[in-house]
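A.B. asks: Here the numbering used here is used: the first residue of the sequence shown is 48, the next is one more, and so on. Supplied in structure tokens, the structure appears directly below.
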Amino acid sequence: MKLKDKILNRTARIGVVGLGYVGLPEAVALAKIGFTVYGIDIDKRKVKSINAGKNYIEDIPDEDLSEAVKKGKLKATSDEKIIKTLDVVTICVPTPFNENKEPDLSFIVNVANSINRNFKKDSLIILESTTYTGTTREILMGLFEKSGYKAGKDYYLAFSPERIDPGNRRFTISNTPKVVGGITKKCTEMGRLFYSQFVDKVITVSTPEAAEMVKLLENIFRNVNIALLNELALLCDRMKIDIWEVIDAAKSKPFGFMPFYPGPGVGGHCIPVDPVYLSWKAKEFDFHTRFIELAAEINSNMPYYVISKLFRLLHGKPLNKCKVLILGAAFKRDISDMRNSPSLKVMDLLKNEDVNYIYNDPYVPTLDGMRSVKLTEKLLKSMDAVVILTDHSAYDYNWIVANTKLVLDTRNATKEVSKHRDRIVKI
Ligand SMILES: NC(=O)c1ccc[n+]([C@@H]2O[C@H](COP(=O)([O-])OP(=O)(O)OC[C@H]3O[C@@H](n4cnc5c(N)ncnc54)[C@H](O)[C@@H]3O)[C@@H](O)[C@H]2O)c1
């Protein structure tokens with residue numbers, strides 16, 4: 048049977064490589080609509096957990112995963128040899144930067160080698176990891192070509208950026224449009240057909256490079272706009288204007304404006320990392336991406352700003368005598384992801400100044416040998432300051448403010464609190 052028919056009648060065997068925030072929800076979504084899905088991950092704990100029907104990603108309903116495993120529709124493995132039997136393989140492995148802030152493509156290269164060793168003709172291979180433009184063609188196609196396989200003829204190759212937004216209940220895999228661009232028209236068409244099975248709207252672009260750039264544009268757009276708001280927040284602080292009030296009023300404009308918000312910095316695996324991928328690649332073209340560099344400078348300065356504001360508020364009390372409670376370690380609301388979280392930087396800076404700090408995060412029970420403390424009235428009252436770095440919805444902000452001397456709110460999380468507003472300072 049041809050690949051197209053196998054996709055249409057859902058007998059195609061699917062592999063999802065990398066079972067993290069991106070890969071696992073996709074694997075479960077595919078299993079749910081009847082495909083047999085193999086999740087492939089080098090992390091044996093994840094493989095064991097999935098095969099035991101145990102979920103570890105907040106966005107996936109536990110029963111969806113356990114049901115898929117029980118029905119034999121989702122299986123996890125660390126054995127790359129399974130790739131030989133698969134009709135479609137999506138690649139969802141990390142794309143971090145190294146200590147010199149250069150792209151680290153080693154995860155993609157490793158998966159490309161695994162696929163190359165276990166190559167199956169007439170299969171569809173799609174890279175979903177965010178990366179610089181040219182990766183799909185240079186790394187994947189380049190390698191398979193050396194082994195004698197021609198894209199569009201012996202197999203199909205495409206890039207399709209992942210747009211998952213952990214913690215977002217409104218936009219999920221199925222109702223977030225998916226973009227796909229293949230090496231040839233046939234590759235694009237095969238990618239479109241595959242995603243149409245579980246995504247409501249699929250948009251095709253002419254090349255993998257265009258699809259790679261779409262993702263970079265989306266994340267750079269976000270990064271630069273957050274930086275703009277962070278800069279304006281610093282100015283408004285100096286001018287004694289409430290930036291949050293300004294944004295709220297500005298967003299009443301029904302056209303030509305889109306709200307972004309300041310905060311303690313940017314975090315996660317995407318917003319602070321992806322722009323670096325593009326600026327690195329741009330240098331190959333003798334091009335300096337100045338907006339990206341400026342945004343990185345402004346955003347990475349925000350944890351320092353939070354600390355200096357906090358120290359000002361503590362009115363010269365010796366720092367090693369100050370007790371500070373940090374609320375939120377995750378990089379954004381209602382998730383556990385701490386990668387590149389500005390909270391980590393703020394805590395680091397507090398440690399450097401010998402401040403006596405503790406933290407609470409309902410999603411992050413332990414951190415660097417510390418435990419998330421239990422929030423009690425007694426604990427709050429004993430603190431010199433509480434710093435809100437992540438605006439988790441589980442927090443009772445009225446109760447927190449009512450029991451704290453001073454709240455430094457970096458997210459406008461206390462906007463609905465009406466009593467004791469004199470205790471709240473916002474950035
Ligand atoms: N997290 C997000 O919100 C998000 C959103 C859009 C795009 N992305 C992009 O998607 C990609 C994956 O991100 P993530 O957050 O899911 O990462 P993650 O770290 O949560 O998951 C990646 C998984 O890949 C596995 N892995 C690494 N090397 C492997 C190999 N050789 N074979 C098999 N498995 C391997 C890891 O063990 C891990 O479980 C990144 O490029 C990221 O930029 C992430």
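All C-beta atoms in this analysis are idealised placements derived from N, C-alpha and C, irrespective of residue type, glycine included.
Just the Cα atoms here: how many angstroms apart are G86 and R60?
C.D. replies: Straight-line Cα distance between these residues: approximately 11 Å.
A.B. asks: Where does M349 fall in DSSP's three states?
C.D. replies: In the structure shown, M349 sits in a helix (DSSP, three-state: H, G or I).
A.B. asks: Please list the segments of the beta strand (DSSP E) lying wholly inside the segment 165–235, counting only runs of 3 or more residues, in order along the chain.
C.D. replies: DSSP runs (the beta strand (DSSP E)) wholly in the segment 165–235: 171–174, 203–206, 225–229.
A.B. asks: Spatial neighbours of P255 within its chain, please: C-beta separation below 7 Å, excluding the five flanking residues on both sides.
C.D. replies: If we look at P255 and ignore the five residues flanking it on each side, its Cβ neighbours are T183, R184, A205, F206, G228, G229, I230.
A.B. asks: Reducing DSSP to helix, strand and coil, say where Y444 ends up.
C.D. replies: In this structure, Y444 counts as helix in the three-state DSSP scheme.
A.B. asks: A342 to P311, Cα distance in whole Å?
C.D. replies: Distance between the alpha carbons of A342 and P311: 14 Å.
A.B. asks: For L240, which residues from the same chain have a beta carbon less than 6 Å from its beta carbon, with the 5 sequence-adjacent residues on both sides left out?
C.D. replies: Correct list, in chain order: I54.
A.B. asks: Apart from the five residues just before and just after L279, which ones in its own chain have a Cβ nearer than 7 Å to its Cβ?
C.D. replies: Same-chain partners within the cutoff: I290.
A.B. asks: So, helix, strand or coil for L55, using DSSP?
C.D. replies: Three-state result, L55: helix.
A.B. asks: Considering only residues of the same chain and omitting the five flanking positions on each side of L422, which have a CB-CB separation below 7 Å?
C.D. replies: Taken in chain order, the residues that qualify are N407.
A.B. asks: Sorted by chain position, which residues of the same chain lie with C-beta nearer than 8 Å to E340's C-beta, five sequence neighbours on each side aside?
C.D. replies: Taken in chain order, the residues that qualify are S326.
A.B. asks: Would you say K93 touches ligand 1, meaning its beta carbon is less than 7 Å from a heavy atom?
C.D. replies: Yes, ligand 1 has a heavy atom inside 7 Å of this Cβ.
A.B. asks: So the alpha helix (DSSP H) V293 belongs to, where does it begin and stop?
C.D. replies: Start and end: 290–297.
A.B. asks: Could you name the residues of the same chain whose beta carbon sits closer than 7 Å to that of T451, not counting the 5 residues immediately before and after it, in chain order?
C.D. replies: Only L427, M430, V433, R470 meet the Cβ criterion.
A.B. asks: By Cβ distance below 7 Å, which residues in the same chain neighbour L436 in space, the five residues on each side in sequence not counted?
C.D. replies: Counting only Cβ-Cβ distances below 7 Å, and skipping sequence neighbours, we find P311, I373, L374, G375, P389, S390, V393, T457.
A.B. asks: Can you give me the start and stop residues for the alpha helix (DSSP H) that V433 sits inside?
C.D. replies: No alpha helix (DSSP H) holds V433; the beta strand (DSSP E) holding it covers 432–435.
A.B. asks: Given A258, which residues of its chain have a CB within under 7 Å of its CB, disregarding the five upstream and five downstream residues?
C.D. replies: So the list reads F206, S207, P208, V226, V227, G228, V252, once near-sequence residues are dropped.
A.B. asks: Return the chain-ordered list of same chain residues with a C-beta closer than 7 Å to the C-beta of K248, the five sequence neighbours on each side being excluded.
C.D. replies: These residues qualify, in order along the chain: P224.
A.B. asks: Hey, L78 and V84 are a contact pair by Cβ (cut 8 Å); roughly how many whole angstroms apart?
C.D. replies: Reading off the sequence shown, one finds Ala at residue 78, where the question assumed Leu. Right, the Cβ-Cβ distance comes to about 5 Å (below 8 Å), so this counts as a contact.
A.B. asks: Out of P143, K122, Y179, which one is the CA nearest neighbour of F332?
C.D. replies: It is Y179 whose Cα lies nearest to the Cα of F332.
A.B. asks: What does a CB cutoff of less than 7 Å around A74 pick up in its chain, not counting 5 residues either side in sequence?
C.D. replies: Contacts found: V63, L66, V84, G86, L121.
A.B. asks: Does the segment 127–134 come close enough to the segment 90–102 to have 3 or more Cβ pairs within less than 8 Å?
C.D. replies: Contact between the segment 127–134 and the segment 90–102 is absent, because fewer than three Cβ pairs lie under 8 Å.
A.B. asks: If you count every other CB in all the chains shown that lies within 10 Å of the CB of K287, and 16 or more means buried, which is it?
C.D. replies: That one is exposed.
A.B. asks: What I want to know is whether the C-beta of L77 ends up closer than 7 Å to one or more non-hydrogen atoms of ligand 1.
C.D. replies: L77: no, Cβ never under 7 Å from ligand 1.
A.B. asks: Cβ of P108 within 7 Å of any heavy atom in ligand 1?
C.D. replies: No, since every heavy atom of ligand 1 falls outside the 7 Å radius drawn around the Cβ of P108.
A.B. asks: At which residues does the alpha helix (DSSP H) containing L111 begin and terminate?
C.D. replies: It should be pointed out that residue 111 corresponds to Asp in this sequence rather than to Leu. Taken as a continuous stretch (DSSP letters only), the alpha helix (DSSP H) holding D111 covers 109–117.
A.B. asks: Looking only at C-alpha atoms, which of F144, K379, C369, I211 sits nearest to P72?
C.D. replies: Ranking the options by Cα distance to P72, first place goes to I211.
A.B. asks: Could you check how far apart the C-beta atoms of F245 and I80 are, in whole angstroms? I think they sit under 8 Å.
C.D. replies: The pair is a contact, with the Cβ atoms about 5 Å apart (cut-off 8 Å).
A.B. asks: Would you say the beta carbon of P213 comes nearer than 7 Å to a heavy atom of ligand 1?
C.D. replies: Yes.
A.B. asks: Beta carbon of I104: closer than 7 Å to some heavy atom of ligand 3?
C.D. replies: Inclusion of ligand 3 in the displayed structure is not the case, the ligand content consisting of ligand 1 alone.
A.B. asks: Sorry if obvious, but does the Cβ on G497 come closer than 7 Å to a heavy atom of ligand 1?
C.D. replies: The structure shown does not extend to residue 497, since the chain is modelled only from 48 through 474, so no value can be given for it.
A.B. asks: Short check: CB of C139 to CB of E175, under 8 Å?
C.D. replies: Their beta carbons are under 8 Å apart, which means C139 touches E175 by this criterion.
A.B. asks: Are there 16 or more other CB atoms within 10 angstroms of the CB of K262, so buried, or fewer, so exposed?
C.D. replies: Counting Cβ neighbours within 10 Å, K262 comes out buried, since at least 16 surround it.
A.B. asks: Just checking H316 against ligand 1 - is the residue's beta carbon closer than 7 Å to any of the ligand's heavy atoms?
C.D. replies: Checking every heavy atom of ligand 1 against the Cβ of H316, one is found closer than 7 Å.
A.B. asks: Quick check: is any heavy atom of ligand 1 less than 7 Å from the C-beta of S527?
C.D. replies: Lying before the first or after the last residue shown, residue 527 is absent from the chain, which here runs from 48 to 474.
A.B. asks: Is G62 helix, strand or coil by DSSP?
C.D. replies: In the structure shown, G62 sits in a strand (DSSP, three-state: E or B).
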